[in-house]
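This report refers to the structure that appears directly beneath it.
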Amino acid sequence: MESIGEVLNKKHSNGLTVNSNTDNSKLLTNIINTVNSINTVNSKENKKELTLTEKIEAVLAEFNTKPEGIALHIAQILDDEKSKDYYLLLVLNNSISRLIEAAHLTKDVALRGKIRTKKAIYFLGILRKWKFRTKFKVNRM
Numbered sequence: 022m023e024s025i026g027e028v029l030n031k032k033h034s035n036g037l038t039v040n041s042n043t044d045n046s047k048l049l050t051n052i053i054n055t056v057n058s059i060n061t062v063n064s065k066e067n068k069k070e071l072t073l074t075e076k077i078e079a080v081l082a083e084f085n086t087k088p089e090g091i092a093l094h095i096a097q098i099l100d101d102e103k104s105k106d107y108y109l110l111l112v113l114n115n116s117i118s119r120l121i122e123a124a125h126l127t128k129d130v131a132l133r134g135k136i137r138t139k140k141a142i143y144f145l146g147i148l149r150k151w152k153f154r155t156k157f158k159v160n161r162m
């Protein structure tokens, strides 16, 4: 019975050789050059990853969304449609993409069952932590 090494040597010696002039140092140099060329082609240094905020802003700009629609979307995420006028004030006075990000963070935490209060209260807590303006004065005449 033949050993595994002998079987592999037979298969290797019977196969076609691409470079019959194989010098180990040249072969090693070719392998290293190939690896280096792959690294330079696939390098991600030139590609800048967008943050979540930048991605949201790009989508909002692309679809030309109105503040009322964004306020309604936030109200639906938070299950608080009766306060959509307040969310409209938030949208008009703060960064839209960060508001949507905070709403989705609130939704994720709620789905994991970590919120003990209403989602809207948790959402406002995030906004206050991020130093957003959450209180507005109404001019009554």
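In this text, residue positions in the sequence shown follow our numbering: the first is 22, and each later residue adds one.
Idealized CB from N, CA, C, for every residue including glycine.
Quick caveat: nothing in here was measured; it's all calculated off a predicted structure.
ask   = Mapping DSSP to helix, strand and coil, what is Leu49?
value = For the purposes of this step, residue 49 is identified with residue 28 of the sequence shown, where counting begins at 1. Summary for Leu49: the model assigns pLDDT 48, below 50, so the residue's position carries little reliability, and this model does not support an answer.
ask   = Are three or more beta carbon pairs between the stretch 94-103 and the stretch 145-156 nearer than 8 Å?
value = no
ask   = Near Glu122, which residues of its chain fall below 7 Å by C-beta distance, leaving aside the five closest residues on each side in sequence?
value = Working through the sequence shown from its first residue, we reach residue 122 at position 101. Taken in chain order, the residues that qualify are Leu73, Thr74, Ile77.
Distance, Arg119 Cα to Lys135 Cα = What you label residue 135 is simply residue 114 of the sequence shown in a count that begins at 1. What you label residue 119 is simply residue 98 of the sequence shown in a count that begins at 1. Cα to Cα, the separation comes out at about 21 Å.
Cβ neighbours of Tyr108 in the same chain (closer than 6 Å, five flanking residues each side left out) = Along the sequence shown, one-based indexing puts residue 108 at 87. Cβ within range, chain order: Ala92, Ile95, Ala96.
task = Kindly give me the distance between the Cβ atoms of Thr155 and Lys140, rounded to whole angstroms, as I take these residues to be in contact under 8 Å.
result = Taking the sequence shown and counting its residues from 1, the one referred to as residue 155 is at position 134. Taking the sequence shown and counting its residues from 1, the one referred to as residue 140 is at position 119. Contact flag wrong, Cβ pair sits at about 15 Å.
Beta-carbon proximity check, Phe157 vs Leu110, cutoff 8 Å = In the sequence shown, counting from the first residue as 1, residue 157 sits at position 136. In the sequence shown, counting from the first residue as 1, residue 110 sits at position 89. Yes, the pair counts as a contact, with Cβ atoms nearer than the cut-off.
Best match in Gly90, Ser104, Asn160, Arg133 for proximity to Ala142 [C-alpha to C-alpha] = Locating residue 142 in the sequence shown gives position 121, where the first residue counts as 1. Before going on, a small fix: residue 142 reads as Ile here, not Ala. Nearest of Gly90, Ser104, Asn160, Arg133 to Ile142, Cα basis: Ser104.
DSSP state of Asn60 mapped onto helix, strand, coil = For the purposes of this step, residue 60 is taken as the residue at position 39 of the sequence shown. Reliability of the predicted coordinates at Asn60 is poor, the pLDDT of 48 falling under 50, and the value obtained from them is presented with this limitation in mind. Correct three-state label for Asn60: helix.
Spatial distance of Val80 from Leu132 (CA atoms) = Counting from 1 along the sequence shown, the entry for residue 80 is found at position 59. Counting from 1 along the sequence shown, the entry for residue 132 is found at position 111. Approximately 25 Å, taken between the alpha carbons.
query = Which stretch, first to last residue, makes up the alpha helix (DSSP H) that contains Asn85?
reply = On the sequence shown, position 64 is the one that residue 85 refers to. Per DSSP, Asn85 belongs to no alpha helix (DSSP H) and is neither H nor E.
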